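Trainee:
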Amino acid sequence: MATEKEVLDSMRHIIDPDLGKDIVSLGFIKNLAIDGGKVSFTVELTTPACPVKETFRTKCVEAVSALPGVSSVDVKMSAMERKPRPGSDVNTLENVDAVIAVSSCKGGVGKSTVAAHLARAMQRSGLAVGLLDADVYGPSVPTLFNAYHPAVGMVDNKIQPVRIDGLKVMSLGFLLGEQPAVLRGPIVSNYITQILRQTDWGKLDYLIIDLPPGTGDIQLTIVQQAALDGAIIVTTPQALSLVDVARGILMFEKVSVPVLGVVENMCSFTCGDCGTVHFPFGSSRSSLQKRFGLSTLAELPIMDGLADLSHKDSGKDIPAIAEMADQVHRAVGKSRVEAPDRPEVALAGDTIQVKWSDGHTAGLSMYEVRCACPCAVCVDENTGEKLLDPEQVPQDISVESMQQLGNYAVSFAWSDAHTTGIYSWDYLRELAERGSKATV
Ligand code: ADP
Numbered sequence: 008m009a010t011e012k013e014v015l016d017s018m019r020h021i022i023d024p025d026l027g028k029d030i031v032s033l034g035f036i037k038n039l040a041i042d043g044g045k046v047s048f049t050v051e052l053t054t055p056a057c058p059v060k061e062t063f064r065t066k067c068v069e070a071v072s073a074l075p076g077v078s079s080v081d082v083k084m085s086a087m088e089r090k091p092r093p094g095s096d097v098n099t100l101e102n103v104d105a106v107i108a109v110s111s112c113k114g115g116v117g118k119s120t121v122a123a124h125l126a127r128a129m130q131r132s133g134l135a136v137g138l139l140d141a142d143v144y145g146p147s148v149p150t151l152f153n154a155y156h157p158a159v160g161m162v163d164n165k166i167q168p169v170r171i172d173g174l175k176v177m178s179l180g181f182l183l184g185e186q187p188a189v190l191r192g193p194i195v196s197n198y199i200t201q202i203l204r205q206t207d208w209g210k211l212d213y214l215i216i217d218l219p220p221g222t223g224d225i226q227l228t229i230v231q232q233a234a235l236d237g238a239i240i241v242t243t244p245q246a247l248s249l250v251d252v253a254r255g256i257l258m259f260e261k262v263s264v265p266v267l268g269v270v271e272n273m274c275s276f277t278c279g280d281c282g283t284v285h286f287p288f289g290s291s292r293s294s295l296q297k298r299f300g301l302s303t304l305a306e307l308p309i310m311d312g313l314a315d316l317s318h319k320d321s322g323k324d325i326p327a328i329a330e331m332a333d334q335v336h337r338a339v340g341k342s343r344v345e346a347p348d349r350p351e352v353a354l355a356g357d358t359i360q361v362k363w364s365d366g367h368t369a370g371l372s373m374y375e376v377r378c379a380c381p382c383a384v385c386v387d388e389n390t391g392e393k394l395l396d397p398e399q400v401p402q403d404i405s406v407e408s409m410q411q412l413g414n415y416a417v418s419f420a421w422s423d424a425h426t427t428g429i430y431s432w433d434y435l436r437e438l439a440e441r442g443s444k445a446t447v
């Protein structure tokens, strides 16, 4: 008869591709029972929509079946309980597994198009999905889905979302019709609160919320009320402003919502004559990764036909859209477990102490870290030229508070009132290495 240790050891080569660790060390194997030759256990994944679910199951069965004395292997797949979220008292969201906001710093970058295609793509992969169009400045769902005046019903004082091919959809546009934004201003926030609190979403794997563009009070109110699991920032390479992205990250982090990554829209186009793919504005993938430690979830080309989502197969043949949905599932799963390699950061006197998971430690001078602030106020985002004059930074500058940003970075509030700097883990490491070279 196989022992518990043998069973677990046989699965230690199965690596979660997103967390970079094996599923046994990550604690995914639960309820292991061995009864003679019969082995049963549960693999507890980060989200029910985990894209590698079937691969894990197959690999687990293969590994354990190969042990001497094992005659049958029964594997159940389950998902871990969600952490309580800020605002999760919103009772109509209690059966929603993950609430994701799609945001943008500016209008017209394709945020609503991305949100709607994400919802369609997730639904195509068999998930229960809702789409809430909360864009007060221009609700797009009626146009995208060609659903202008659907009847919105109420049951037991709850708004019933409109069903479009099984997708549950609710839009401010369904309630407001075509009134100009200026007239509806005062009532808009009431509508949003009502929609958020009273829409009967039922059981969903994902609720996607299409936020109004920008990072003002309206957005913050929605983010606070909606009990979000994560946010996606949509941008286009030509509209990409690192100041705006930083503002978005800081807005979400204010209410403890991790930014899952960035979707770069309208990055490229394919020449109809010769088939060459052109990137007229270059790619920002590396600068987003370097500046903020943020992943690029998808790079979508400029394409015809994206604006029509009225058919359930809209976007089906576009690989970048399926890939985007896949990356979002993965990012949600990743955000639900503490990053195994997240460094520990502590403040001690005039230094910032950092301990990385590989055991490397460094004491960084607060003055040096402040002078090396990578934000767009301190460094020109286009030329990389340093704008901050170190002479202007007080030698006795200190950190008044710090905040871990999801699993990817940390931000500091400095005693000179500067708060916009976001330091990715890689950047802190680079500063530590620069510092140690300087002292050699
Ligand atoms: P936002 O929600 O950011 O204001 P929309 O989703 O309404 O932006 O998109 C603005 C316009 O750009 C729409 O006409 C939309 O069809 C178009 N669009 C968005 N993404 C793409 C793309 N990848 N290729 C071509 N057109 C696009």
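Just so you know, our numbering puts 63 at position 56 of the sequence shown, and the rest follows in order with no gaps.
Cβ atoms here follow ideal geometry from the backbone N, Cα and C, with glycine treated the same way.
Bear in mind that the values here come from a model prediction, so they are computed numbers and not experimental data.
#1: Using a Cβ-Cβ cutoff of less than 7 Å, which residues in the same chain neighbour Ala445 once the five nearest sequence positions on both sides are dropped?
#2: Anyone know if the C-beta pair for Leu39 and Ile328 falls short of 9 Å?
#3: Can you tell me the Cα-Cα spacing of Leu100 and Pro244, whole angstroms?
#4: Could you name the residues of the same chain whose beta carbon sits closer than 8 Å to that of Leu15, not counting the 5 residues immediately before and after it, in chain order?
#5: What is the DSSP secondary structure of Met258, counted as helix, strand or coil?
#6: Judging by CA-CA distance, which residue of Asp387, Lys118 and Glu351 is the nearest neighbour of Asp217?
#7: So what does DSSP say about Thr54, is it helix, strand or coil?
#8: Give the secondary structure of Leu395 by DSSP, where H, G and I count as helix, E and B as strand, and everything else as coil.
#9: Once DSSP output is grouped into helix, strand and coil, what is the label at Asp217?
#10: Please tell me whether, using a cut-off of 8 Å, the distance from the CB of Ile309 to the nearest non-hydrogen atom of ligand 1 is below it.
#11: Should Gly268 be listed as close to ligand 1, given that the test is whether its C-beta is under 8 Å from any heavy atom?
#12: Going straight from the alpha carbon of Val262 to that of Arg343, what length do you get?
#13: Quick check: the region 263-277 against the region 150-162, are at least 3 beta-carbon pairs closer than 8 Å?
#14: I'd like the list of long-range same chain contacts for Met8, defined as Cβ closer than 8 Å, with 5 residues on each side in sequence excluded.
#15: Could you name the residues of the same chain whose beta carbon sits closer than 7 Å to that of Ala452, not counting the 5 residues immediately before and after it, in chain order?
#16: In chain order, what residues of the same chain lie with their CB nearer than 6 Å to the CB of Leu307, ignoring the 5 residues before and after it?
#17: When the Cα of Gly115 is compared with those of Ala135, Asn102 and Tyr144, which residue comes out closest?
#18: My output table needs one value for Leu316: the three-state DSSP class, helix, strand or coil.
#19: Starting from Ile21, trace the alpha helix (DSSP H) in both directions and tell me its first and last residue.
#20: So does the region 422-440 actually touch the region 251-261, counting three or more Cβ pairs closer than 8 Å?
#21: Grouping DSSP H, G and I as helix and E and B as strand, with all else coil, what is Val46?
#22: Let me know if Ala355 comes out buried or exposed under the rule of 16 or more other beta-carbons within 10 Å of its beta-carbon.
#23: Closest to Arg436 by C-alpha separation, out of Ile325, His367 and Ser85, would be which residue?
#24: Output needed for Cys112: all residues of its chain with C-beta closer than 8 Å, excluding positions within five of it in sequence on either side, in chain order.
#25: Counting along the chain, where does the beta strand (DSSP E) carrying Lys175 start and finish?
#26: In this structure, how does DSSP classify Leu190 when only helix, strand and coil are distinguished?
#27: Whose CA, out of Leu395, Met84, Thr390 and Thr120, lies closest to the CA of Asp311?
#28: Along the chain, where does the beta strand (DSSP E) containing Asp81 start, and where does it finish?
#29: Just checking, does the region 229-240 make contact with the region 156-163 on the three C-beta pairs under 8 Å criterion?
#30: Have a look at the DSSP bridge pairing and note the partners of Thr242.
#31: Nearest by alpha-carbon distance to Ser110: which of Asp104, Asn102, Ala123 and Val103 is it?
#32: Can you pull the DSSP bridge partners for Ala135?
#33: Closer than 8 Å to a non-hydrogen atom of ligand 1 - does that hold for the CB of Thr222?
#34: Is there a Cβ of chain D sitting closer than 9 Å to that of Thr49, yes or no?
#35: Rounded to whole angstroms, what is the Cα-Cα separation between Lys393 and Val386?
#36: If you run the structure through DSSP and keep just helix, strand and coil, what is Trp208?
Mentor: Looking at the atomic coordinates:
#1: On the sequence shown, position 438 is the one that residue 445 refers to. Annotation note: pLDDT 49 at Ala445 (below 50); position unreliable, no value reported.
#2: Position 32 of the sequence shown, counting from 1, holds the residue named residue 39. Position 321 of the sequence shown, counting from 1, holds the residue named residue 328. Their beta carbons are not under 9 Å apart, which means Leu39 does not touch Ile328 by this criterion.
#3: For this step, residue 100 is matched to residue 93 along the sequence shown. For this step, residue 244 is matched to residue 237 along the sequence shown. Approximately 34 Å, taken between the alpha carbons.
#4: On the sequence shown, residue 15 is found 8 positions in, with the first residue counted as 1. Val31, Ile36 and Leu39, listed in sequence order.
#5: Translated into positions along the sequence shown, residue 258 becomes position 251. Helix at Met258.
#6: Here residue 217 refers to the residue found at position 210 of the sequence shown. The option with the nearest alpha carbon to Asp217 is Lys118.
#7: On the sequence shown, position 47 is the one that residue 54 refers to. Reduced to three states, the DSSP call for Thr54 is coil.
#8: The residue given as residue 395 occupies position 388 in the sequence shown. DSSP places Leu395 in coil when its eight states are reduced to three.
#9: Along the sequence shown, read from residue 1 onward, the residue named residue 217 stands at position 210. If DSSP states are grouped into helix, strand and coil, Asp217 belongs with the strands.
#10: Here residue 309 corresponds to residue number 302 of the sequence shown, with the count starting at 1. For ligand 1, at least one heavy atom lies less than 8 Å from the Cβ of Ile309.
#11: Stepping through the sequence shown from its first residue, residue 268 is reached at position 261. In terms of side-chain proximity, the C-beta atom of Gly268 is found no nearer than 8 Å to any non-hydrogen atom of ligand 1.
#12: As a working mapping, residue 262 is identified with position 255 in the sequence shown. As a working mapping, residue 343 is identified with position 336 in the sequence shown. Answer to the nearest angstrom: the Cα atoms are 16 Å apart.
#13: no
#14: Your numbering for residue 8 matches position 1 in the sequence shown. Here the set comprises Ile41, Gly43, Gly44 and Gly76.
#15: Outside the shown range of the chain, which is 8 to 447, sits residue 452, and nothing can be said about it.
#16: Residue numbering aside, residue 307 sits at position 300 when the sequence shown is read from its first letter. These residues qualify, in order along the chain: Asn272 and Ala327.
#17: What you label residue 115 is simply residue 108 of the sequence shown in a count that begins at 1. It is Tyr144.
#18: Taking the sequence shown and counting its residues from 1, the one referred to as residue 316 is at position 309. If DSSP states are grouped into helix, strand and coil, Leu316 belongs with coil.
#19: Sequence index remark: in the sequence shown, residue 21 carries index 14 (1-based). That residue, Ile21, is in no alpha helix (DSSP H); it is neither H nor E in DSSP.
#20: By the criterion of at least three beta-carbon pairs nearer than 8 Å, the region 422-440 is in contact with the region 251-261.
#21: As a position in the sequence shown, residue 46 is number 39, starting the count at 1. Reduced to three states, the DSSP call for Val46 is strand.
#22: Looking up residue 355 in the sequence shown gives position 348. Ala355 is exposed by the Cβ-count criterion.
#23: Taking the first residue of the sequence shown as 1, we reach residue 436 at position 429. Selected option, being the one with the closest Cα: His367.
#24: The residue you call residue 112 lines up with position 105 of the sequence shown. Once the five neighbours on either side are set aside, the close Cβ partners of Cys112 are Pro220, Gly221, Thr222, Ile240, Thr242, Ala246, Ser248, Asp251, Val252, Arg254 and Gly255.
#25: As a position in the sequence shown, residue 175 is number 168, starting the count at 1. Start and end: Leu174 to Ser178.
#26: By one-based count along the sequence shown, residue 190 stands at place 183. Only weak support exists for where Leu190 lies, its pLDDT of 47 falling under 50; the value from the coordinates is given anyway. Per DSSP, reduced to three states, the secondary structure at Leu190 is helical.
#27: Here residue 311 refers to the residue found at position 304 when the sequence shown is read from its first residue. When only C-alpha atoms are compared, the closest one is Thr120.
#28: As a working note, residue 81 is residue 74 in the sequence shown. Asp81 -> beta strand (DSSP E) spans Ser79 to Ala86.
#29: Counting Cβ pairs under 8 Å, fewer than three are found: no touch.
#30: On the sequence shown, position 235 is the one that residue 242 refers to. Note: Thr242 sits in a beta bridge opposite Glu271.
#31: Here residue 110 is taken as the residue at index 103 of the sequence shown, counted from 1. The residue with the shortest Cα to Cα distance from Ser110 is Ala123.
#32: Locating residue 135 in the sequence shown gives position 128, counting from the first residue. Its beta-bridge partners do not exist; DSSP assigns none.
#33: As a working note, residue 222 is residue 215 in the sequence shown. No, the Cβ of Thr222 stays beyond 8 Å of every heavy atom of ligand 1.
#34: Although the question refers to chain D, the structure presented lacks it and comprises just one protein chain.
#35: The residue labelled residue 393 in the question sits at position 386 within the sequence shown. The residue labelled residue 386 in the question sits at position 379 within the sequence shown. Linking Lys393 to Val386 through their CA atoms gives a straight-line distance of about 4 Å.
#36: Position 201 of the sequence shown holds residue 208. Three-state result, Trp208: coil.
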